[in-house]
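Position one of the sequence shown corresponds to residue 6 (this note's numbering), numbered consecutively onward.
Here a beta-carbon is modelled for each residue, glycine too, at the ideal position from N, C-alpha and C.
As the structure is a prediction and not an experimental result, all values here were calculated from the model.
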Amino acid sequence: MIKHEPVLPPEFIYPVDDWRLVESQYAPEFLAQSETLFSTANGYLGMRGTFEEGTPAIQHGMFVNGFHETWDIPYGEWAFGFATTGQTIVNVPDSKIIRLYVDDEPFELESGHIVKFQRALDMRAGIVEREVLWETPAGRRLLLRSERLVSFVEKHVAAIRYHVQLLNGQAALAIVSEVARHPLSTATTRDPRLASHRGQVLKTVCANASGYQLDFAYVTENSGMGLACSVDHTLDSQCRHSARASCDDGQGRVVFQIDAVEGDTMTLTKYITCHTSRSGKCEELRDRAERTLQRTVQHGFDRLLADQRAYLDDFWSRSDVEVEAGHPRAQQCLRWNLFQLFQAAARADYAGVPAKGLTGQTYDGHYFWDMEMYILPFLTYTSPQIARNILNYRYSILDKARARAREVSQAGALFPWRTINGEEASAYYAASTAQYHINAAVARAIVQYVAISGDEAFMQECGAEILVETARLWFDLGFFSERKDGRFCIHGVTGPDEYTTVVNNNTYTNLMARDNLRSAVRVVERLHAEHATDYQLLVHRTGLTNTEVDDWRRAVDRMYIPYDETLGIHPQDDSFLEREVWDFDRTPPENFPLLLSYHPLVIYRRQVIKQADVVLAMFLLGEEFTPEQKKRNFDYYDPLTTGDSSLSACIQGIVAAEIGYADVAHRYMAYAVLTDLADVGGNVKDGCHIAAMGGTWMACVYGLAGMRDRDGEISFNPKPIRQLQRLRFPLTVRGQRLTVEITDDAIVYSLLEGAGLNIRHRGETLELLPQQPI
């Protein structure tokens with residue numbers, strides 16, 4: 006169900022450009038959204054798209070992935086096993102501020118006379134550029150140009166080049182570069198999706214100002230994490246100038262005073278570096294920051310630009326999805342989604358991917374199941390090393406997942422529903438920690454990654470251990486029910502649909518648990534047969550026994566999957582069909598999302614769905630359903646689905662395409678692609694919907710091209726979509742590079758790199774050979 010069609014902002018402000026997001030005039034009415042849309046990040050360090058001058062601004066933001074504060078979760082009534090410690094990503098001191106004064110008149114976009122304005126996010130260059138022509142009350146005209154980037158190559162570095170050209174007369178200029186600690190927000194909200202902890206959490210350990218450089222070190226009050234933040238500058242000007250640096254209370258500034266003359270261009274380049282550690286180590290962090298700054302300043306801004314372009318040239322060669330889809334913005338929107346997805350993940354390295362990337366504090370900077378379910382497929386097929394890094398993060402927190410399982414009285418390991426440091430940080434069990442299916446998402450991502458990348462070493466070193474512990478959890482959680490003819494049942498869980506909670510035999514969960522158990526059995530058997538040493542090490546690490554594996558086989562064979570013979574559909578759970586259907590006709594549009602307008606119990610009592618649940622299972626495990634069942638399930642559940650989650654539209658579009666609902670598929674896919682650029686949920690001001698962006702890639706590859714992958718076999722069954730004229734995308738499979746191109750009258754498969762690869766096209770096996778398109 007789509008409540009309304011997404012509406013893009015006007016083209017005269019945001020013109021169409023396939024490779025850039027352009028803002029052609031200062032648009033205060035879109036200020037909040039643009040701070041998200043023009044964000045820059047590299048997966049480790051991120052900046053919201055606020056202006057260099059610091060004003061106007063709705064939400065300042067600069068973040069380091071994984072750098073967080075902890076706090077005690079308050080409960081009106083605590084219960085055993087509840088999470089005790091919250092985690093919130095820290096909004097670190099803002100190092101991107103550069104203020105300009107002309108004869109002591111401040112440059113302010115909201116009040117100044119702006120003759121010309123343009124800002125652009127260049128997705129090939131990886132920079133945000135801005136050009137402003139400003140006229141002061143005294144009649145001085147200045148051309149201001151800036152370039153901002155967060156480096157993909159230099160993980161800890163961001164930089165800004167700020168040009169000021171005086172076009173007439175003479176003037177006294179002051180350029181003030183700051184590291185600022187913005188006042189804390191006093192706004193209150195009851196939206197549970199926003200950050201939970203808003204206190205000032207950084208304690209200044211040291212601060213130093215010398216020459217053009219500012220150096221700071223901080224520690225968080227509770228988590229004890231360390232942060233070193235340093236900035237340095239170069240100034241290129243033929244005019245007489247001086248500089249003075251100062252710092253106080255964990256913030257500082259360098260003031261450049263310039264006697265500007267007509268026609269001269271002054272260029273200030275600001276280099277920023279952040280280093281963090283899980284423990285204080287402030288002296289070491291300061292040394293690392295100092296080395297990074299020295300190297301970066303020596304190389305210069307042009308080197309950063311060139312490295313950034315080369316890095317992104319490689320990314321786009323592996324990842325670009327070219328599309329002609331009957332709408333002039335289709336290509337621009339799709340590329341913006343992919344670019345933001347990459348910005349969120351590229352240099353995450355030892356961490357996960359936050360739900361909002363590094364574009365805001367919403368969801369506290371936590372990692373969820375959607376990291377594996379929606380983001381990993383894109384990375385597995387385009388950037389397998391990044392996918393491996395993220396799975397390595399999951400392995401690094403396996404012991405904490407084991408501890409979490411014990412906290413909820415289960416065997417094996419239970420990955421946290423939301424976390425940064427590996428500990429469970431969700432305070433509401435019904436619609437969060439009861440979603441045990443996160444274990445299956447992690448397991449599935451591992452199996453898919455190894456099959457597509459060919460990285461068997463990861464399975465032997467890390468993946469098998471996770472599969473064993475997640476399988477243990479499922480077998481311990483479920484039971485063989487006499488009332489269900491000895492079938493294996495799983496009770497008291499929540500599936501992907503957070504509007505239906507703590508149920509028995511959620512169809513999605515049972516199917517995914519069976520898949521997880523089956524994968525664990527296969528991997529253990531293979532290690533036992535083919536890799537004796539790795540098998541022995543696995544047994545040593547996990548205490549695995551043959552009896553356990555036999556138990557898992559029984560659970561696979563006897564898993565209970567709900568099915569209603571009367572309707573010919575799979576009930577979402579044992580009791581879903583017994584509930585009253587939500588009255589959509591009498592629900593005002595402003596009451597969506599429902600979670601902000603109704604008590605949870607009002608929602609839980611009814612047939613109403615936040616996001617695809619059974620429909621998601623039909624996509625992931627399509628072989629478990631007949632074509633007729635898929636159609637009947639979709640017809641039943643689609644009208645009940647609110648789309649209150651940004652994760653739903655892409656999945657509904659994929660399944661709609663598979664069952665032949667071409668127009669429905671197109672509408673859902675358009676909805677998914679436009680989630681942020683059209684501000685579909687009205688909350689893009691709080692950050693990007695990173696998993697939904699992964700879903701747009703899935704909609705193209707799994708939906709339009711009909712790709713499916715199972716046990717390493719890749720098949721395509723492209724679906725005709727009336728509005729689609731052309732689709733082309735690359736894939737990396739076991740080190741080989743292929744492209745798929747679909748047009749009105751042809752489907753072409755080409756192997757660009759590799760010795761040979763077999764794929765299936767509409768049931769026919771094709772052998773792809775180098776430079777021999779089929």
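Run through the DSSP bridge pairs and tell me what residue i is partnered with.
| i | result |
| --- | --- |
| glutamate 758 | Arg742 |
| asparagine 763 | Glu772 |
| tyrosine 223 | Thr209, Leu232 |
| aspartate 127 | Arg25, Ile132 |
| tryptophan 139 | Ile119, Leu147 |
| lysine 275 | Ile165, His238 |
| glutamate 58 | None, per the DSSP bridge assignment. |
| threonine 585 | According to the sequence as given, residue 585 is glutamate; it is not threonine. Per DSSP, Arg611. |
| glutamate 152 | Glu134, Arg166 |
| methionine 52 | Thr45, Met67 |
| arginine 492 | Ser486 |
| glutamine 218 | Ser215 |
| aspartate 253 | Gln256 |
| leucine 171 | Leu147 |
| valine 753 | Glu746 |
| arginine 477 | DSSP output for arginine 477 lists no bridge partner at all. |
| phenylalanine 734 | Val745 |
Looking only at C-alpha atoms, which of the options sits nearest to residue i?
| i | options | result |
| --- | --- | --- |
| glutamate 487 | Leu543, Arg563, Tyr434, Gln541 | Arg563 |
| isoleucine 425 | Leu478, Ala360, Val158 | Ala360 |
| tyrosine 673 | Ala32, Tyr398, Ala697, Lys690 | Ala697 |
| arginine 150 | Thr274, Ala163, Glu183 | Thr274 |
| aspartate 520 | Lys615, His371, Gln453, Val706 | Gln453 |
| phenylalanine 373 | Trp422, Phe344, Ala406 | Trp422 |
| valine 620 | Cys655, Glu74, Tyr609 | Cys655 |
| histidine 575 | Val498, Asn515, Pro723 | Asn515 |
| glutamine 777 | Glu769, Tyr400, Tyr754 | Tyr754 |
| glycine 699 | Ile495, Met378, Leu743 | Met378 |
| phenylalanine 485 | Phe493, Arg449, Gln262 | Phe493 |
| glutamate 466 | Glu226, Thr547, Tyr217 | Thr547 |
| leucine 240 | Ala662, Leu729, Ala248 | Ala248 |
| serine 651 | Pro598, Ala622, Gly231, Tyr666 | Pro598 |
| glycine 231 | Tyr276, Leu290, Gln415 | Leu290 |
| proline 3 | Phe624, Asp404, Ala432, Ala233 | Since the first and last residues shown for the chain are 6 and 779, residue 3 lies out of range. |
| glycine 768 | Ala760, Pro723, Ala430 | Pro723 |
| phenylalanine 630 | Ile664, Gln616, Arg611 | Ile664 |
| aspartate 23 | Ser156, Leu343, Thr209 | Leu343 |
What are the boundary residues of the beta strand (DSSP E) that residue i is part of?
| i | result |
| --- | --- |
| glycine 700 | Run containing glycine 700: none in the beta strand (DSSP E); it sits in the alpha helix (DSSP H), 695-703. |
| isoleucine 263 | 256-266 |
| tryptophan 76 | 67-77 |
| tyrosine 106 | 99-107 |
| leucine 178 | 175-185 |
| phenylalanine 721 | 718-721 |
Starting from residue i, trace the alpha helix (DSSP H) in both directions and tell me its first and last residue.
| i | result |
| --- | --- |
| alanine 37 | 36-42 |
| glutamate 663 | 653-663 |
| tryptophan 557 | 551-563 |
| isoleucine 608 | 605-609 |
| histidine 671 | 667-678 |
| methionine 517 | 512-535 |
| aspartate 714 | Premise fails: aspartate 714 lies in the beta strand (DSSP E), 713-715, not in any alpha helix (DSSP H). |
| asparagine 638 | 632-642 |
| threonine 301 | 287-304 |
| valine 3 | This structure gives no information on residue 3, because the portion of the chain shown stretches from 6 to 779. |
| valine 508 | Neither: valine 508 is in no alpha helix (DSSP H) and is coded neither H nor E. |
| leucine 114 | First-last for leucine 114: undefined, no H or E at that position. |
Would you please verify whether the beta carbon of residue i is less than 8 Å from any beta carbon of chain D?
| i | result |
| --- | --- |
| histidine 73 | Looking at the structure shown, chain D is missing, and only one protein chain is on hand. |
Using only the heavy atoms of the ligand NAP, determine whether one of them is closer than 7 Å to the beta carbon of residue i.
| i | result |
| --- | --- |
| valine 507 | Of ligands this structure carries none, so the ligand NAP is not represented either. |
Report task. Tell me, please, whether the region 88-99 touches the region 136-143 by the rule of three or more beta-carbon pairs shorter than 8 Å. Result -> No, the region 88-99 does not touch the region 136-143.
**Report entry** Whole runs of the alpha helix (DSSP H) within the region 392-468, excluding any shorter than 4 residues
**Finding:** As far as the region 392-468 is concerned, its whole alpha helix (DSSP H) runs of at least 4 residues are 403-412, 443-458.
Report task. Assess, as a yes-or-no matter, whether the region 704-723 is touched by the region 37-49 under the definition of 3 or more beta carbon pairs within less than 8 Å. Result -> By the criterion of at least three beta-carbon pairs nearer than 8 Å, the region 37-49 is not in contact with the region 704-723.
Query raised in the report: Would the region 733-746 and the region 441-453 be scored as touching if the rule is three or more Cβ pairs under 8 Å?
Result: Between the region 733-746 and the region 441-453, the count of C-beta pairs closer than 8 Å stays below three; the two stretches do not touch.
Query raised in the report: Should the region 332-341 be called in touch with the region 673-687, which here means at least 3 C-beta pairs below 8 Å?
Result: With the cut-off at 8 Å, the region 332-341 and the region 673-687 touch.
**Report entry** Touch test, the region 167-181 against the region 258-272, Cβ-Cβ under 8 Å, three pairs minimum
**Finding:** Taking 8 Å as the limit for Cβ pairs, the verdict is that the region 258-272 does touch the region 167-181.
**Report entry** Contiguous beta strand (DSSP E) assignments of at least 3 residues, all confined to the region 319-385
**Finding:** 327-329, all fully within the region 319-385.
Query raised in the report: Are at least three pairs of beta-carbons, each pair with one atom in the region 244-258 and one in the region 217-229, less than 8 Å apart?
Result: Yes, the region 244-258 touches the region 217-229.
Requested in this report: Check whether the region 356-371 touches the region 49-67, taking contact to mean three or more Cβ pairs, one atom from each stretch, closer than 8 Å.
Outcome: At 8 Å Cβ cutoff, the stretches touch.
Query raised in the report: Between the region 529-549 and the region 489-503, do at least 3 Cβ pairs fall closer than 8 Å?
Result: Result no; under three Cβ-Cβ pairs closer than 8 Å.
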